[in-house]
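Here the working numbering runs 1011 ahead of the position in the sequence shown, where the first position is 1. Ideal placement from N, C-alpha and C gives every residue a C-beta, glycine not left out. A quick note: this is a predicted structure, and the numbers were derived from the prediction, not measured.
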Amino acid sequence: MNHLDMLHSAVSRVILQRTASERMPTMQTTPTPLAATLLGTGEPAVVLVPGWCGDRSVFDDLVAGLGSRRRALSLDLPAHGDSPDTGGDFTTDDVIDSVVAALDDARIDQVVPVLLSHAGWAGIGLRRRLGARVPGLVFLDWMVLGTPPGFADALSGIQSPAWAQVRAGLAGMWTSGLDNARLLAYVASMAGYGRAHWARAGREISAGFAEHPVPLAAVEALQPCQALHLYAQPSDDAVLRGQEEYSRAHPWFRVERLDARSHFPMFEDAGTIVERIERFVRTLG
């Protein structure tokens, strides 16, 4: 067994032994309090940021595995999960402000953001804001080379009077043909967020792609900064080939398609994801 296989095995054992109840109290950050889970010691740390209309429970297995190796901070977005809802609107820039405050409160210096889906925009913003404090970025299941046909229509729909139907369509797409109980429960919990949350998500995601149609081009402007993309869907080989071609032309970018079937592969193979993130972070010094 080589050292990577040993790490994967050890991480898998840790994931089974840890419990999702290992939560720290809400961190009193500025400007918005964020609920958080903080485990481990050592830097570079990782900060795990969920996507819109979801909470940090999506990272329970990842934060447990990564926290056995280094400091791992998992956050709820403002007005999501266990974070209080102050009743006001907020933007991606406000999310970045709150994450920076959480990092400072936790006295984390060097950090690698691990970003689910469209939280990628916040991760790019963290690199822009913090510079060398963020030596690398990990994107999970994102559209790193731009949006597919029809996606802009979905973003418009989620901000329209027909938003509930669009939300239901997304949930159906994310769960079709899957029988993973934890994944199904997580997607069901996303339906608990109402119109204001989903409209905000549509607005902020649209704004990100309007400014930077190709997210990796935005990362290119922030070099030197390493980036890793781990994803499962879409399974189309052409999507993988496009990213591999980009990687060959831009050695700071790496990509791996996971052996999973969903938009939330951490519910299917957390051990592999933890091992890949850990290997990536170790290359950053």
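For the alpha helix (DSSP H) containing P1160, name the first residue and the last one.
Here P1160 belongs to no alpha helix (DSSP H), and DSSP marks it neither H nor E.
Specify the secondary structure class of E1279 as computed by DSSP and reduced to three states.
coil
Exposed or buried, what is D1071 when buried is set at 16 or more other beta-carbons lying within 10 Å of its beta-carbon?
buried
Does the distance from the CB of V1149 to the CB of V1058 come in under 8 Å?
no
How many whole angstroms separate the CB atoms of R1178 and W1209, which I take to be in contact at a CB cut-off of 8 Å?
6 Å
In three-state terms, what does DSSP make of P1226?
In the structure shown, P1226 sits in a helix (DSSP, three-state: H, G or I).
Which residues mark the beginning and the end of the alpha helix (DSSP H) in which A1260 is found?
D1248 to A1260
Own chain, CB closer than 7 Å to Y1257, minus 5 neighbours either side, in chain order:
L1156, L1227 and F1264
Measuring alpha carbon to alpha carbon, tell me which residue in G1203, F1291, A1133 and T1294 is nearest D1104.
A1133
Look at the alpha carbon of R1252 and the alpha carbon of V1198, and state the distance between them as a whole number of angstroms.
29 Å
Starting from the C-beta of E1267, find all residues in its chain whose C-beta is less than 6 Å away, skip the five residues before and the five after it, and write them out in chain order.
L1241
Through-space distance from V1292 to T1052, alpha-carbon basis:
14 Å
Using 10 angstroms around the beta-carbon of S1171, count the other beta-carbons present and answer buried if the total reaches 16, otherwise exposed.
exposed
Apart from the five residues just before and just after G1065, which ones in its own chain have a Cβ nearer than 6 Å to its Cβ?
M1201
For L1114, the nearest candidate out of Q1234, S1079, A1212 and L1045 (CA to CA)
With respect to the C-alpha of L1114, the residue from Q1234, S1079, A1212 and L1045 having the closest C-alpha is L1045.
Report the start-end ranges of each alpha helix (DSSP H) in the segment 1179 to 1236 that is 4 residues or longer and not cut off at the edges.
1192 to 1201, 1206 to 1222 and 1226 to 1231
Taking V1285 as the reference, give the member of R1080, G1062 and G1296 with the closest Cα.
For V1285, the nearest C-alpha among the options comes from R1080.
Collapsed DSSP secondary structure at A1117 in the structure displayed
coil
State the DSSP-derived secondary structure class of V1145, mapped to helix, strand or coil.
coil
Please report the residue range of the alpha helix (DSSP H) in which A1075 lies.
Its alpha helix (DSSP H) spans residues D1071 to G1078.
Report the CB separation of A1083 from L1137 in whole angstroms; it is logged as a contact under 8 Å.
So it is not a contact: roughly 16 Å between Cβ atoms.
Opposite L1166 in the DSSP bridges: which residues?
Answer is none; L1166 lacks a bridge partner.
Going by C-alpha distance, which of T1048, T1294, A1056 and G1062 is nearest W1153?
G1062
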